[in-house]
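Chains as they are written, first to last, in the working numbering: chain A, -12 to 140; chain B, 521 to 624.
Glycine included, C-beta positions come from ideal geometry on N, C-alpha and C.
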């Protein structure tokens, strides 16, 4: 692997974790009263940007390197399910995440100032933010499983 | 305020349609190899194809829904977000369940 690809892979992981962390801030802030709406809006926006950046960096690594160099090793190794199930599910479930993040950001950006007087809307945004965190953590753990399965026979 | 509520509703419905598309194209591309080949040939890689089309559907459908004359309300925005929450989990379960079945 070239150093550029290694940096992209590190960036993919770091940006994904940053996105999750920012949505943890959104979620915790949405559970508090009074709302610090400025903090919530910017956390959601930066979280969305982090997920998009993770998408691009991870996508470049996946398309140019993973399929040729990593996937064959996993499939020929002791844990082929790490690609056949975990990676396949991870790479496709991930595609939902940036759009969830964008939508939560738009809710907070456009209607954030009225959330305190709209508990139903606030609860819906909170549940979606939780969903982003849970999917993000599951994807992170999947990446750990995939990395651990790269063991030549 | 009403047009902001309508924008939220539009992008939430756009996200619902995108999530459904991601699940449908993912499963269909595995079951119908020519679809996966077409995605790979058209976009250099099937996953890039799914990514580009998902982004286009999110932006395109959200703008179209917003452009259709209708009133926006806080309740409609809430309902569309709740729908997105449930559909997201259905899509995650569908994709995960499909690859679980395929792998084992």
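Contacts with chain B at 7 Å (Cβ-Cβ) include residue 68 (chain A).
Contact note: residue 105 (chain A) reaches chain B through 594, using a C-beta cutoff of 7 Å and chain order.
DSSP, read as helix, strand or coil, puts residue 624 (chain B) in coil. In this structure, the CA atom of residue 584 (chain B) is about 10 Å from the CA atom of residue 531 (chain B). Nearest in C-alpha terms to residue 601 (chain B), of all of A:123, A:113, A:52 and A:57, is A:113. Assignment of residue 138 (chain A) by DSSP, reduced to helix, strand and coil, places it in the coil class.
Distance from the CA atom of residue 108 (chain A) to the CA atom of residue 49 (chain A), rounded to whole angstroms, is 37 Å. If you compare the alpha carbons of A:70, A:87, A:85 and A:28 with that of residue 130 (chain A), the shortest gap goes to A:70. In the DSSP annotation of this structure, the continuous segment of the alpha helix (DSSP H) that includes residue 12 (chain A) starts and ends at -10 to 17. Flagged as an interface residue toward chain A: residue 615 (chain B), by a C-beta distance shorter than 7 Å. Using a 10 angstroms sphere on the CB of residue 79 (chain A), the tally of other CB atoms reaches 16 or more, which defines it as buried. The beta carbon of residue 582 (chain B) lies closer than 6 Å to those of 530, 531 and 534 in the same chain, with the five residues before and after it left out.
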